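>
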RNA sequence: GAUCACGUAGCUCAGUCGGAUAGAGCAACUGCCUUCUAAGCAGUCGGCCACAGGUUCGAAUCCUGUCGUGAUCACCA
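In our numbering, the protein residues as written are 747 to 1339.
#1: To the nearest whole angstrom, what separates the beta carbons of residue 1254 and residue 1295, a pair I think is in contact under 8 Å?
#2: Where does residue 1071 sit, in a helix, a strand or coil, going by DSSP?
#3: In the structure shown, what three-state DSSP assignment does residue 1279 receive?
#4: Can you name the start and end residues of the beta strand (DSSP E) that residue 1183 belongs to?
#5: Considering only their Cβ atoms, is the gap separating residue 1076 from residue 1034 smaller than 8 Å?
#6: Output yes or no for whether 8 Å exceeds the beta carbon distance between residue 1130 and residue 1231.
#7: For a test of the three-state rule: what should DSSP assign to residue 889, helix, strand or coil?
#8: Can you look up residue 836 in the DSSP assignment and give me helix, strand or coil?
#9: Hey, quick one: how far does the beta strand (DSSP E) through residue 825 stretch, first residue to last?
#10: Compute the distance between the beta-carbons of residue 1258 and residue 1292, then report whether it is under 8 Å.
#11: Output the residue ranges of the alpha helix (DSSP H) runs that lie fully inside the stretch 947-993 and measure 4 residues or longer, sorted by chain position.
#12: So what does DSSP say about residue 1124, is it helix, strand or coil?
#13: If you count every other CB in all the chains shown that lies within 10 Å of the CB of residue 980, and 16 or more means buried, which is it?
#14: Within a Cβ cutoff of 6 Å, which residues of the same chain sit near residue 754, ignoring the five residues on either side of it in sequence?
#15: Could you pull out every residue in the same chain whose Cβ sits closer than 7 Å to the Cβ of residue 1315, ignoring the five residues on either side in sequence?
#16: Would you call residue 968 buried or exposed, if buried means 16 or more other Cβ atoms sit within 10 Å of its Cβ?
#17: Quick one: Cα of residue 1320 to Cα of residue 894, how far?
#18: Pick from 887, 950 and 1250: whose alpha carbon is nearest that of residue 1309?
#19: Count the other CB atoms, across all protein chains shown, that sit within 10 Å of the CB of residue 747; report buried if there are 16 or more and exposed otherwise.
#20: For the pair the stretch 1191-1199 and the stretch 877-892, tell me if three or more CB-CB distances fall below 8 Å.
#21: Figure out for me which residue from 987, 944 and 1059 has the closest Cα to the Cα of residue 1017.
#22: Which runs of the beta strand (DSSP E) spanning at least 3 residues fall entirely within the stretch 1204-1265, listed in chain order?
#23: Have a look at residue 1118 and residue 1078 and give me their C-alpha separation to the nearest angstrom.
#24: Does the Cβ of residue 1167 have 16 or more other Cβ atoms within 10 Å, making it buried, or fewer, making it exposed?
#25: Tell me whether residue 1169 sits in a helix, a strand or coil according to DSSP, three-state version.
#26: Give me the DSSP bridge partner(s) of residue 1029.
#27: Roughly how many angstroms lie between the CA atoms of residue 1124 and residue 1084, to the nearest whole one?
#28: What alpha helix (DSSP H) runs, 4 residues minimum, are completely inside the stretch 1084-1109?
#29: Helix, strand or coil for residue 998 per DSSP?
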């Protein structure tokens, strides 16, 4: 059974744009949750496209459409009004009552009521996080993870088959830097009192520090520029040799590499666990990069790629050379990326969309990658999407390891720690550490998801530390409030059939239900725009509405049993609805706060 | 220099692929706890939607230009 919005759309299409696809996509029919319903009605139909047909007759055509709707949907529609550019539909209370009954029938199952599972065959692969294995996850990863995880969860809600995929960049020069530091500055001794990934991070930063020192010395000594000084750097040579050793699997390179990676992965898993993020699939570039190398060599034979004078392999993109293989035969970022994609094609065979959640600094990288796939006539060309988001800036600049100084933190673990301390001090009643952490995690996640991925985040600890107003805590608090009411009254004892909802239901109760009916539109918009922030905003509006209702109306302590039943039912719907969406957003659910 | 984003209230952000009177939160100031969780609710204050043109019945939204901020510009990953 189609829902009302879809039915209205059908009538509209039949009447005005049966054959015009473009206009069909522009039809704008929405529940009115933002303006006075007694004036603007329950559903607003934007009739601009009618202007397209005949400007002069817009009123006539509007009335025609209104009459048709009233006739066809007389069960629910009792009135329509033409106002400005809108055809406003006024609904009977019965419509909302039926919706409430539907919720009751499904035992308050949000998924069943709003989305009936379909499309299970459609497979979506979502790659997110993609860390390097040389340092802990930082705030850039945090944004990435939260966007990726939320989008993945939403695809899941609709009923698609979703694969959350993590690609770990576990090979390359950056790892070798940690390896050298481990050998040279730490005598191959692991510090056990530090979380694994942080320890490896320390190795990496130690290397960078020493490296910069050396470069400075050389450039001063010989009076040359820094980038030229690299040629004479001893540490740089050591790293390059380490990479060659690693590729040849010589010496202790591999064993130390394995040891370091193990530490890092252990550290990652703790952070992921805290964030409550799980992956269905983990890929390692060390295992896929050879596939890419072979692919490029084959392309060279097919004359899709070319050999440069210095024997490096390149690809022409917009008349510019893009290097695909170094002249010494070792592979690059793009090489690995191709390899990983080939691996995925082999493993999953068919998928509808592969979404790369990667920062916007790599827009060009993905353009090149997709072009390479297209030019090689691989059929998946249309099934690749780069979900790019803006950077997380710290002190005005993009977060990069070289910006880290003492007393500055950019790691997820540190942020959680700081937030925990803050919540602990701000909180009125004493709470267990577990609850404190769940509150701070909710706050952090909400604060990051809240912002449109297109916009950059200038990270400021004071923004995250907010616990009033539009925050994760507000959502958690709303949930806990309603939960405590329902806990005091066992819903199962209520006999629904005795309640005459039609007489009891009032404006404010209807407006809550109407808000929930908008959910489908919201989800559609999120999928269309790849923007999870839409969901946080929506959940916030719902929370505000229910808090307002809570404060103005008594729910448990009223004499009229039937009225109480109705309000409890609405509470139960909202409770499950919040639960459902908090799960999607990954905000911890607390029964008490 | 080129390319791509973004510029909305003092601050942090919404704004439905052009439509009804530009919306929230924070901060500041008022009210509201002997009654279901006051981490809340109700209200006041605050806007030349960066600037200038253009497109049309109609622009915060589309186009062009200018300014500002950031990212990228290829053998780092």
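Ideal Cβ positions, reconstructed from N, Cα and C, are used throughout, including at glycine. This structure is a prediction, so every number in the text was calculated from the model and none was measured.
On the basis of the data shown:
#1: In the first chain, counting from the first residue as 1, residue 1254 sits at position 508. In the first chain, counting from the first residue as 1, residue 1295 sits at position 549. Yes, residue 1254 and residue 1295 are in contact; Cβ-Cβ is about 6 Å, under 8 Å.
#2: One-based indexing of the first chain puts residue 1071 at position 325. In this structure, residue 1071 counts as strand in the three-state DSSP scheme.
#3: As a working mapping, residue 1279 is identified with position 533 in the first chain. Note: residue 1279 maps to helix in three-state DSSP.
#4: As a working note, residue 1183 is residue 437 in the first chain. Counting along the chain, residue 1183 falls outside any beta strand (DSSP E), though it belongs to the alpha helix (DSSP H) covering 1179-1195.
#5: In the first chain, counting from the first residue as 1, residue 1034 sits at position 288. In the first chain, counting from the first residue as 1, residue 1076 sits at position 330. With respect to residue 1076, residue 1034 sits apart: the two C-beta atoms are not nearer than 8 Å.
#6: Within the first chain, numbered from 1, the residue matching residue 1130 stands at position 384. Within the first chain, numbered from 1, the residue matching residue 1231 stands at position 485. Cβ atoms of residue 1130 and residue 1231: not closer than 8 Å.
#7: Reading the first chain from its first residue, position 143 is the one you call residue 889. Here DSSP, grouped into helix, strand and coil, assigns residue 889 to helix.
#8: Here residue 836 refers to the residue found at position 90 of the first chain. DSSP, read as helix, strand or coil, puts residue 836 in strand.
#9: As a working mapping, residue 825 is identified with position 79 in the first chain. Where residue 825 is concerned, the enclosing beta strand (DSSP E) stretches over 823-829.
#10: The sequence position of residue 1258 within the first chain is 512, counting from 1. The sequence position of residue 1292 within the first chain is 546, counting from 1. Result yes, Cβ atoms of residue 1258 and residue 1292 sit closer than 8 Å.
#11: Taking only runs of at least 4 residues, the alpha helix (DSSP H) segments lying wholly in the stretch 947-993 are 972-975.
#12: In the first chain, counting from the first residue as 1, residue 1124 sits at position 378. Note: residue 1124 maps to coil in three-state DSSP.
#13: Here residue 980 is taken as the residue at index 234 of the first chain, counted from 1. So residue 980 counts as exposed.
#14: As a position in the first chain, residue 754 is number 8, starting the count at 1. Excluding sequence neighbours, residue 754 sits near 775.
#15: The residue labelled residue 1315 in the question sits at position 569 within the first chain. The beta carbon of residue 1315 sits closer than 7 Å to those of 846 and 850, all from its chain and outside the five residues before and after it, given in chain order.
#16: The count along the first chain starts at 1 and reaches residue 968 at position 222. Around the beta carbon of residue 968, fewer than 16 other beta carbons lie within 10 angstroms, which makes this residue exposed.
#17: Indexing the first chain from 1 puts residue 1320 at position 574. Indexing the first chain from 1 puts residue 894 at position 148. C-alpha separation (whole angstroms): 26 Å.
#18: Residue mapping note: residue 1309 aligns to position 563 of the first chain, counting from 1. That would be 1250, whose Cα lies nearest to the Cα of residue 1309.
#19: Locating residue 747 in the first chain gives position 1, counting from the first residue. With fewer than 16 neighbouring CB atoms inside 10 Å of its own CB, residue 747 falls in the exposed class.
#20: When C-beta atoms of the stretch 1191-1199 are compared with those of the stretch 877-892, three or more pairs fall below 8 Å, so the two segments count as touching.
#21: Locating residue 1017 in the first chain gives position 271, where the first residue counts as 1. Of the candidates 987, 944 and 1059, 944 places its Cα closest to the Cα of residue 1017.
#22: Listed in chain order, there is nothing to give.
#23: Looking up residue 1118 in the first chain gives position 372. Looking up residue 1078 in the first chain gives position 332. The straight-line gap from Cα to Cα measures roughly 15 Å.
#24: Reading the first chain from its first residue, position 421 is the one you call residue 1167. Exposed.
#25: Within the first chain, the letter at position 423 stands for residue 1169. If DSSP states are grouped into helix, strand and coil, residue 1169 belongs with the helices.
#26: Counting from 1 along the first chain, the entry for residue 1029 is found at position 283. Partner residues in the beta bridge of residue 1029, as assigned by DSSP, are 913.
#27: Sequence index remark: in the first chain, residue 1124 carries index 378 (1-based). Sequence index remark: in the first chain, residue 1084 carries index 338 (1-based). So the alpha carbons of these two residues sit roughly 12 Å apart.
#28: Within the stretch 1084-1109, no complete alpha helix (DSSP H) segment of 4 residues or longer occurs.
#29: For the purposes of this step, residue 998 is taken as the residue at position 252 of the first chain. Residue state, collapsed to three classes: coil.
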